[in-house]
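In this note's numbering, the protein residues as written are 7 to 126.
For each residue, glycine too, the CB sits at the ideal point set by N, CA and C.
First the structure, in the form of structure tokens, and then the observations on it.
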Ligand SMILES: [Zn+2]
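Here it is, written out as structure tokens:
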């Protein structure tokens, strides 16, 4: 239930290597959130109902590091962001498959290790 990427907030996709037209990235892979032309992570603008826009890349949870900032769906059409304080494999039977993040203003959340996560 935590740290879902929430693509319903997406307002714009852009390839950092210029594979774009006037409305943004031309080749969007919605499985890996990369440009299908160059395979670089897309720059994704997420906009919530208050008008807040945050630009993220999407990376698997296990690649998120201490000091990164991540973005999640706070509910009621609002986004929240926070700094990652700890990032580690849980010490449990989920160790091989899951990943735990301790995040400012959120607390801890454990998600599948390969679940895509919004990173600023
Ligand atoms: Zn590209």
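In the structure shown, what three-state DSSP assignment does residue i receive?
i	result
residue 123	strand
residue 19	strand
residue 96	coil
residue 89	strand
residue 59	strand
residue 80	strand
residue 67	helix
residue 114	strand
What do you reckon, is the C-beta of residue i under 7 Å from a heavy atom of ligand 1?
i	result
residue 25	yes
residue 43	yes
residue 46	yes
Bridge partners of residue i, per DSSP?
i	result
residue 6	An answer regarding residue 6 cannot be provided, because it is not within the stretch 7 to 126 covered by the chain.
residue 35	40
#### Entry: contact_flag[the segment 15–23, the segment 35–54] where n(CB pairs < 8 Å) is 3 or more
yes
#### Entry: Three CB pairs or more closer than 8 Å across the segment 109–123 and the segment 67–82
yes
### Query
Should the segment 100–120 be called in touch with the segment 57–70, which here means at least 3 C-beta pairs below 8 Å?
yes
### Query
For the segment 52–63 against the segment 26–38, are there 3 or more C-beta pairs whose distance is under 8 Å?
no
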